[in-house]
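Asks: For the sequence shown, our numbering assigns the number 26 to the initial residue and increments by one for each residue that follows.
A virtual CB, placed ideally from N, CA and C, is assigned to each residue, including glycine.
On a predicted model such as this, the values are computed, not experimentally measured, just so you know.
Following this message is one structure expressed as structure tokens.
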Amino acid sequence: MTVEPDSDPVFVGIAQRMVEKDYASALREAADALFASLTAAPKQAGDERRDRTIELLSFVEIAAMGLREQCVPPPEPLPSPEVACSFCGKGRGSVNLVAGPDAFICNECVELCVEIFADQKIAKGQA
Ligand SMILES: [Zn+2]
């Protein structure tokens, strides 16, 4: 017996579920068939078994992708955040900003930091 993907009733059933966009059922049926195929006594010749497994895995993959598309809403465009200095809150219009991983700092705050560090050095007698 050879495995004909187009005539295998399991494959036909899974394909039909996918046509209906019932990916959850397709995934479950493919997973069940895959599990059965892998745990059943290896009656089939090695190549047939492998071909069937690969075919079922591709069904699982496709169904999972379809399911994910259905479950995960398309990402909404992020509202363009009001870009502002994370320290003083001034916006891009009034200061120059440098972006860090999760924050922005403006030229005025950088200058302030430079002064603070300079004062600290003086206090420590390093300058
Ligand atoms: Zn600032």
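Rounded to a whole number of angstroms, what is the C-alpha to C-alpha distance between Leu82 and Pro100?
Replies: 28 Å
Asks: Below 8 Å, how does it come out for the segment 81–95 and the segment 122–141: are there three or more Cβ pairs, yes or no?
Replies: no
Asks: Considering Ala124, what are the terminal residues of the beta strand (DSSP E) in which it resides?
Replies: Leu122 to Ala124
Asks: Anyone know if the C-beta pair for Arg113 and Glu133 falls short of 8 Å?
Replies: The sequence given here places Cys at residue 113; Arg does not occur at that position. Their beta carbons are under 8 Å apart, which means Cys113 touches Glu133 by this criterion.
Asks: Can you name, in chain order, every residue of its own chain whose Cβ lies under 6 Å from the Cβ of Gly91, other than the five neighbours on each side?
Replies: Tyr48
Asks: State the start and end residues of the unbroken beta strand (DSSP E) segment that holds Cys131.
Replies: Phe129 to Cys131
Asks: Going by the CB atoms, is the gap between Val35 and Ala58 shorter than 8 Å?
Replies: yes
Asks: Out of curiosity, what's the CA-to-CA distance linking Ile130 and Val120?
Replies: 9 Å
Asks: Can you tell me whether Ser32 is buried or exposed, with buried defined as 16 or more other CB within 10 angstroms of its CB?
Replies: exposed
Asks: Smallest Cα separation from Ala109: which of Val97, Pro102 and Leu122?
Replies: Leu122
Asks: So what does Ala51 bridge to, in DSSP terms?
Replies: Bridge partners of Ala51: none, in fact.
Asks: Residues in the same chain with beta-carbon distance under 7 Å from Lys149, minus the five sequence neighbours each way, listed in chain order, please.
Replies: none
Asks: May I ask you to check if the CB of Lys115 is nearer than 7 Å to at least one heavy atom of ligand 1?
Replies: yes
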